[in-house]
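Worksheet: the structure to be examined is printed underneath.
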Amino acid sequence: MTGDHGHHQVESGARLNGECEMRAEIGFNAGFRLVFCPCFCEAKRRDYSHKHKDKHKDKEHRHKDHKKDKEREKSKYTNSSNGKHKREKENGYVSHIKTEEDNGYGYSPMPEKPMKRDRDEDELEHKPKKIKVEKENKVKKRKQEEEFDYYDEDVKPKKKSKGKKDDSAGGGKKKAKKEPEEKWKWWEEERCTDGSKWRFLEHKGPVFAPPYERLPENVRFYYDGKVMKLSEQAEEVATFFAKMLDHEYTTKDIFRKNFFKDWRKEMTSEEKSKISDLNKCNFTEMSEFFKAQSEARKQMSKEEKQKNKEENERLVEEYGFCLMDNHKERIGNFRIEPPGLFRGRGDHPKMGMLKRRIRPEDIIINCSKDSKHPKPPPGTKWKEVRHDNKVTWLASWTENIQGSIKYIMLNPSSRIKGEKDWQKYETARRLKKCVEKIRAQYREDWKSKEMRIRQRAVALYFIDKLALRAGNEKEEGESADTVGCCSLRVEHINLHPEMDGQEFVVELDFLGKDSIRYYNKIPVEKRVFKNLQLFLENKQLEDDVFDRLNTSILNKHLQELMDGLTAKVFRTYNASITLQQQLDQLTNPEDNLPAKILSYNRANRAVAILCNHQRAPPKTFEKSMQNLQAKIDAKKKQISAAKKELKSAKADAKAMHDEKSRKSVETKKKAVQRLSEQLMKLEVQATDREENKQIALGTSKLNYLDPRISVACRYESEHRRVCAISVTRIGFTLVIIERHCIQMRREALETRRPCRGKVLVVHSGIWRALPHVQQLCKKWGIPIEKIYNKTQREKFAWAIDMADNDYQF
DNA sequence: AGGCACACTTAGAACTTCATAA
DNA sequence: TTATGAAGTTCTAAGTGTGCCT
């Protein structure tokens, strides 16, 4: 009922890989290439201009640019990590990929050292000249091509943006005068190349959790049935437990044990000697008090709520922003985590431990030397103030449960996060270009004489096919027992030479990140299966499946196949490509808006299933389901009543033979029909809700799907001309519509709803196009607001601004 | 080649606000 | 108007991956 169904669904329709192979087959690469230039900022420009017909010119241009940048970089940074780019060519294959990939430019693994920004600070607010010129060219070209042109509005100063909490640029971190300023388009600027993340950073430091307030006298704690007044410290920790009394956590042994141990540490020696058994503790008065308190908060008058809101806004205005390189940027988490009881996920050995209160003395501040340093609260000191512009965080502290470091960082809408996000998708797109070769290689590696290579190849196959996470090793006993691909153990895998009529079925069952269960039965190729059998030979349940492999070995190998390639890029790539393919498949331009949105969500769901993004069914789920079921039952009753009436009306009509009774039969028939339709709708709604019961769409939307794919859905574009239709030997069809390549799987065409009778028909192996095929590429005209909410639009502002209607991932 | 520190992304749960049906 | 559920937002845990040291 869980992943099983879902994964099969995905397997059968959602994921159609193998585009590169097909492209090669029909010479697609030769005819059109979506080349993104090596360095990141170049890629951006390509993004704007990838329609250019004059590829050669463009290439030259890029090349020159790049050379220039490289020289610049060299001269400035003698110790630049150029050496890193020179990778060993272990075999011809690798180098082949690279050559093809890099196109001779050597895709600088540039995340860390993007293009040099050698402009003055005060120039920052302006669009770089270079880019401006290029843009004008582009505008011209576009005009020539009579393409949709959004530079028109882009080039001239834009209409005032509607957002009130605009970036106030130019050092205007003073009180925000209500002068709506233009949103800063960082994506139109060049990026820094020297590995520094900023040049200037000023902020006010974090906001600390409010100090503990003692409970009123009438809220008492009982031990062994007797009232007991607790010391302030012990009381505070007790309230943490009391607040969680309704939570399942407090029934768990480990939680209680850990809590009690840590609680006792906070007690006075007197308390310690008295309180020796958690079971004798009675927190109910405390619990009731907090419940009443939150109830009272809900019941607050409008004015009070408003006051609170304003107070909060003031705090956000003061602490929620920083000044980074002349731009006011939102901070993601400017509040220090308050003390409480640790809530680990799954079977966490440390659940219930006391998360201690963070004080200024624990905080390391990071900011510019020449900025106004944040002031610690009166009478306190920071642990340290440093000026490290190689990192993005503003403040950090070490947490006491795992000893890990926590950071205060910027909001996803910030330049620093956005650039990284954009770059992530560009890396995934580069993978797209060489994924088929990588696949060919790992298939080849299944036959290797060396065990470690075969393990690597099979693991990579899983990561690619199933979008598994890499699976770093974890310290035992420090956290819940969860695994990813490289850390899979024998107990997580079952091999079935035959199952449900399929050969070579691998059954995976393990807890992944956040202790979310992954369950899937996958038919695999014989060679994979045989390899797995070999890997499992003579092993205990608790042994690693891939004993000669870990993530660092795997990633090193991937790095050799493509610059910047790591295991997680496959997840991004497969998620995004799946969305795009699903959208192409589900597209039905005649649908109305809700239907289109439903289709979009379905495409999104396919990705969520692929990535195994699950959620606990909402608390209210059962209830709301029951409500719906009640409606359905009521409807059913109505129907049976209506049917009865119809029956008797029919009998009447038979007996009476008159016009009136005949008419009555008709009316009753209609009523039954109408009710049945209503019932159907309700049932569909119920199915839909049920289907989404434990699937979470948000994570993939936010982290895996190239937003430009979704953005492209907003345009209603003209029909496209079909250029070619081709069948590949592996049963895919390619439909080439102008420069779009749309691939389909045979069975998908035959059975998938959007295709049925619409797009293609099959006649004894010959594919024929119907006129409707032209519609395939018509984009949907979905308003972006229907896909992304406000926060998401802020995060993806770069994509919304730059992607045009025929964006291809 | 393995361990560790660190930085940063990805993740679902919990909480808050908004929209809509009763 | 109020109650309810959905949508939006916040929170922080739990991953990935790099680079340094041994």
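Each residue of the first sequence is one higher than the one before, starting from 0 at the first, in numbering that gives the first Met the number 0.
Virtual Cβ for every residue (Gly too), placed ideally from N, Cα, C.
Collapsing the DSSP output to three states places Ser663 in a helix. Shown here, Glu187 sits in a helix according to DSSP, grouped into three states.
Secondary structure of Leu214 (DSSP, three-state): coil. The beta carbon of Gln613 is closer than 7 Å to those of Ile515, Gln693, Ile694, Ala695 in its chain, skipping five residues each way along the sequence.
Per DSSP, Thr698 has no beta bridge partner at all. Minimum Cα-Cα distance from Pro375 among the listed residues Ile357, Ser675, Asp369 corresponds to Ile357. Within the same chain, Asp444 come within 8 Å of Ile452 by CB-CB distance, once the 5 residues on both sides are set aside. Look at the beta carbons and you see the segment 581-596 not touching the segment 490-506: under three pairs across the two are nearer than 8 Å.
Residue state for Cys712 is assigned as helix, using DSSP reduced to three classes. Looking at the DSSP output, Met323 bridges to Leu200, His326. The three-state secondary structure of Asn788, taken from DSSP, is coil.
Distance check between Ala670 and each of Gln305, Ser639, Met243, Ala654 places Ser639 closest, using alpha-carbon atoms only. Collapsing the DSSP output to three states places His656 in coil. Contact between the segment 358-371 and the segment 299-310 is absent: fewer than 3 CB-CB pairs across the two stretches fall below 8 Å.
Within the same chain, Cβ atoms closer than 6 Å to the Cβ of Ile786 are found at Ser709, the five residues on either side in sequence being excluded. Apart from the 5 residues on each side of it in sequence, Asp387 sits with its Cβ closer than 6 Å to the Cβ of Asn365 in its chain, given in chain order.
Rounded to whole angstroms, Asn281 and Pro348 show a C-alpha spacing of 25 Å. Here DSSP, grouped into helix, strand and coil, assigns Lys642 to helix. Rounded to the nearest angstrom, the gap between the Cα atoms of Gly194 and Lys184 is 21 Å.
In the DSSP assignment, the residues bridged to Ser395 are Ile363, Tyr406. For Asp261, the enclosing alpha helix (DSSP H) starts and ends at 252-265. Lys225 and Lys260 have their alpha carbons spaced roughly 22 Å apart. The three-state secondary structure of Gly339, taken from DSSP, is strand. A Cβ-Cβ separation of about 43 Å leaves Glu294 out of contact with Arg414 under the 8 Å criterion. Contact between Gly339 and Lys354 holds, since their C-beta atoms are separated by about 5 Å, short of 8 Å. For Glu287, the enclosing alpha helix (DSSP H) stretches over residues 283-298. In summary, Ser699 is buried, with 16 or more beta-carbon neighbours lying within 10 Å of its beta-carbon over all protein chains present.
In the structure shown, Val236 falls within a helical segment according to DSSP collapsed to helix, strand and coil.
The alpha helix (DSSP H) runs of length 4 or more contained entirely in the segment 484-560 are, from start to end of the chain, 525-535, 550-560. When secondary structure is reduced to three states using DSSP, Gln401 falls in the coil class, being assigned neither helix nor strand.
Rounded to whole angstroms, Val482 and Arg385 show a C-alpha spacing of 37 Å. Distance from the CA of Lys279 to the CA of Tyr222, rounded to the nearest whole angstrom, comes to 6 Å. Taking C-beta atoms as the reference points, Trp186 and Asp324 fail to come closer than 7 Å. Two segments are said to touch when three or more pairs of C-beta atoms, one from each, lie closer than 8 Å; by this definition the segment 599-612 touches the segment 568-580. A straight-line Cα-Cα distance of about 26 Å links Met655 and Gln637.
Taking each of Phe461, Thr550, Ser412 in turn and checking the Cα distance to Glu472, the smallest one comes out for Thr550.
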